[in-house]
Amino acid sequence: MTHAVPSVRPEAADAPASGIVEVFNYGRGRPGLIPLWTGEGDMPTPAFIADAASRALAGGETFYTWQRGIPDLRQAISDYMTRLYDKPLGPDRFFATIGGMHAIQIAVRIACGTGDEVLIPSPAWPNFIGAAVAVGAKPVEVPLVLTSDAGNGRWTLDVDGLAAAVTPRTRAIMVNSPANPTGWTATREELVAILDLARKHGLWIIADEIYGRFVFDGSARAPSFHDVMEDEDRIFFVQTFSKNWAMTGWRVGWLECHPSLGDTVENLIQYSSSGVAAFLQRGAIAALEQGESFVQGQIARAKRGREIVCEGLAATGRVRFPVPEGAFYLFFSVDGEDDTRALAMRLIDEANVGLAPGTAFGHGAERYLRLCFQRRAEDLQEAVRRLAGVLTRS
66 MTHAVPSVRP
76 EAADAPASGI
86 VEVFNYGRGR
96 PGLIPLWTGE
106 GDMPTPAFIA
116 DAASRALAGG
126 ETFYTWQRGI
136 PDLRQAISDY
146 MTRLYDKPLG
156 PDRFFATIGG
166 MHAIQIAVRI
176 ACGTGDEVLI
186 PSPAWPNFIG
196 AAVAVGAKPV
206 EVPLVLTSDA
216 GNGRWTLDVD
226 GLAAAVTPRT
236 RAIMVNSPAN
246 PTGWTATREE
256 LVAILDLARK
266 HGLWIIADEI
276 YGRFVFDGSA
286 RAPSFHDVME
296 DEDRIFFVQT
306 FSKNWAMTGW
316 RVGWLECHPS
326 LGDTVENLIQ
336 YSSSGVAAFL
346 QRGAIAALEQ
356 GESFVQGQIA
366 RAKRGREIVC
376 EGLAATGRVR
386 FPVPEGAFYL
396 FFSVDGEDDT
406 RALAMRLIDE
416 ANVGLAPGTA
426 FGHGAERYLR
436 LCFQRRAEDL
446 QEAVRRLAGV
456 LTRS
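Shown next, in the form of structure tokens:
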């Protein structure tokens with residue numbers, strides 16, 4: 066018997082499958098596999114955060130909550146961001162979300178609709194494209210430029226190419242800096258150029274700055290649109306507790322925008338999630354108020370991880386990459402290997418190491434693999450040893 070295929074809206078049917086999840090599912094559960102394919106480390110959430118959430122749960126904070134986030138969390142975010150960016154950022158700018166992805170979806174829904182275009186510097190995290198497609202918008206990938214695949218090279222933004230990609234249908238530019246997967250970290254000059262372009266054409270900027278603390282040049286943080294914007298600029302900022310405080314499974318983040326959009330954001334939260342569980346927000350407050358030393362440890366761990374994988378893979382003589390400026394990924398190519406989806410599967414089988422294929426990250430990424438180095442040194446050293454063993458005999 067045949068069954069009729071139900072009618073599905075194209076924006077749902079066309080949402081791209083994740084190439085990262087495909088590889089993850091292929092290798093999931095293999096004994097001894099070292100999983101470097103997703104954007105998370107191996108540290109569990111620290112006890113002081115979990116304990117704060119547990120106390121709130123035990124204390125009965127299990128009812129409907131503030132759509133925008135409980136006032137204590139919004140104030141804690143305000144205090145943290147004011148310290149980090151050395152400028153007053155009031156609590157009315159911040160809205161608690163179900164992780165960074167929820168924040169991106171709300172921002173895209175406000176900025177774009179069916180038939181609109183969104184510019185995305187690429188290679189890029191695939192969820193940016195998915196978020197645009199899911200609202201009926203068209204993602205337009207604008208290639209980042211690699212100055213050299215040697216250690217002294219860097220990914221840069223082709224500002225002229227970005228400007229040339231603007232059409233009458235363009236509504237927004239998604240900017241992820243420091244970037245997943247490339248490690249590209251926008252300079253202040255690049256941010257100014259993007260902002261000037263957005264102002265000229267009346268575009269929104271959706272700024273994913275979740276890796277802003279993960280820079281390796283001694284700076285406290287990466288350059289930010291906060292450094293160059295005016296209050297009236299059309300910018301959404303996406304943030305999450307996942308990376309800094311090892312809270313990936315908690316699904317708590319925040320969206321920042323001009324307070325005048327507060328009612329709109331609140332409505333979209335109401336119609337999508339109805340708010341973040343209050344006891345989870347209590348844990349998030351503890352992260353912000355007590356977690357700075359943990360964040361510093363996370364950054365130091367990532368810096369050491371970067372050294373291990375860069376030195377170890379470069380020694381194979383087959384691996385090419387610029388040293389990442391920020392975030393915690395190595396995005397590298399392998400001489401003679403063009404099908405990185407097949408290579409990622411083979412590395413699971415032969416090295417028992419899980420990497421993400423570049424095919425998951427859009428145009429210009431097909432020849433690359435992404436490795437997350439936010440793990441303990443011993444695991445990374447063993448992963449490099451296994452990878453080198455396969456790559457040097459291929």
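Position 12, counted from 1, in the sequence shown is what my numbering calls 77; the numbers after and before it change by one each time, with no gaps. Note that beta-carbon positions come from the ideal geometry of N, C-alpha and C, so glycine has one too.
Extent of the continuous alpha helix (DSSP H) to which residue i belongs
i    : result
D460 : Summary: the structure shown does not reach residue 460, with the chain confined to residues 66 through 459, and so no result is reported for it.
F281 : Note, F281: premise wrong, no alpha helix (DSSP H); not H, not E.
N192 : P191 to A199
A229 : V224 to A229
V257 : R253 to H266
E76  : P75 to A78
Option nearest residue i by Cα separation, candidates the options
i    : options                   : result
E87  : L436, G429 and M410       : M410
P109 : A453, R385, F359 and A379 : F359
V397 : P191, L420 and A407       : In the sequence as presented, Val is not what sits at residue 397; that position holds Phe. Measuring from the Cα of F397, the nearest candidate turns out to be L420.
G180 : W220, P233 and I135       : P233
F84  : L408, V210, E376 and I300 : A small fix is needed here, since residue 84 is Gly in this sequence, not Phe. Among L408, V210, E376 and I300, the Cα nearest to that of G84 belongs to L408.
L452 : S213, E443, Q140 and N417 : N417
D225 : R219, P96, D214 and L209  : L209
G165 : V341, G391 and A379       : V341
P246 : V374, W220 and E295       : W220
R435 : E415, R385 and Q446       : R385
A287 : I275, G427 and G362       : I275
L326 : M312, T252, F301 and R347 : F301
V399 : E372, L149 and E431       : E431
A121 : A272, I350 and G427       : I350
N192 : S143, V280, I169 and S213 : I169
T313 : P96, M146, D107 and P81   : D107
A352 : A118, G97, G104 and C322  : A118
H323 : P188, F393, I175 and F426 : I175
L412 : I271, V388, L345 and W102 : W102
D157 : D144, A272 and R148       : D144
A311 : Q439, L456, T457 and E76  : Q439
R299 : V173, S213 and W319       : V173
D116 : T424, A380 and Q355       : Q355
G454 : P387, E76, D414 and E105  : D414
R133 : N332, A80 and K152        : N332
Element boundaries [beta strand (DSSP E), containing residue i]
i    : result
P208 : K203 to L211
R236 : T235 to N241
E182 : E182 to S187
A272 : W269 to D273
V303 : I300 to T305
G318 : G318 to E321
CB-CB length for residue i against residue j, believed under 8 Å
i    : j    : result
T235 : L184 : 6 Å
R278 : N241 : Incorrect: roughly 14 Å between the Cβ atoms, too far for contact.
A237 : L268 : 6 Å
I99  : D444 : 6 Å
W190 : E390 : Not confirmed; about 16 Å, so no contact.
L222 : P186 : 6 Å
Q346 : I135 : 5 Å
Y433 : S289 : With 8 Å as the limit, Y433 and S289 do not qualify as a contact, their Cβ atoms being about 26 Å apart.
- Item | Length-filtered (4 minimum) alpha helix (DSSP H) runs lying within the segment 93-164 | As far as the segment 93-164 is concerned, its whole alpha helix (DSSP H) runs of at least 4 residues are 112-123 and 136-150.
- Task: Counting only runs of 4+ residues fully inside the segment 347-396, write out the alpha helix (DSSP H) ranges in chain order.
- Result: Within the segment 347-396, the alpha helix (DSSP H) runs of at least 4 residues that lie entirely inside it are, in chain order, 357-379.
- Can you give, in chain order, each stretch of the beta strand (DSSP E) that sits fully within the segment 434-459 and has at least 3 residues? Qualifying beta strand (DSSP E) stretches: none in this window.
- Task: Decide yes or no for the touch test of the segment 110-128 against the segment 223-232: beta carbon pairs closer than 8 Å, at least 3 of them.
- Result: No, because fewer than three Cβ pairs between the segment 110-128 and the segment 223-232 fall closer than 8 Å, the two stretches do not touch.
- Message: With three or more beta-carbon pairs closer than 8 Å as the criterion, would you say the segment 367-378 touches the segment 192-201?
- Response: Contact fails: fewer than three Cβ-Cβ distances are below 8 Å.
- Task: Can you check the segment 399-426 for any alpha helix (DSSP H) of at least 4 residues that lies completely inside it and give the ranges in chain order?
- Result: Uninterrupted alpha helix (DSSP H) stretches at least 4 residues long and entirely within the segment 399-426 occur at 405-416, given in chain order.
- Message: Count Cβ pairs between the segment 389-405 and the segment 332-345 that sit closer than 8 Å; are there 3 or more?
- Response: Not touching, per the Cβ criterion.
- Spell out a yes or no on whether the segment 157-175 and the segment 302-316 are touching, meaning 3 or more CB-CB pairs, one atom from each, closer than 8 Å. Of all C-beta pairs linking the segment 157-175 to the segment 302-316, three or more are shorter than 8 Å, placing the two stretches in contact.
- Message: Using 8 Å as the cut-off, can you tell me whether the segment 288-298 makes contact with the segment 123-137, which would need three or more C-beta pairs spanning the two stretches below that distance?
- Response: Not touching, per the Cβ criterion.
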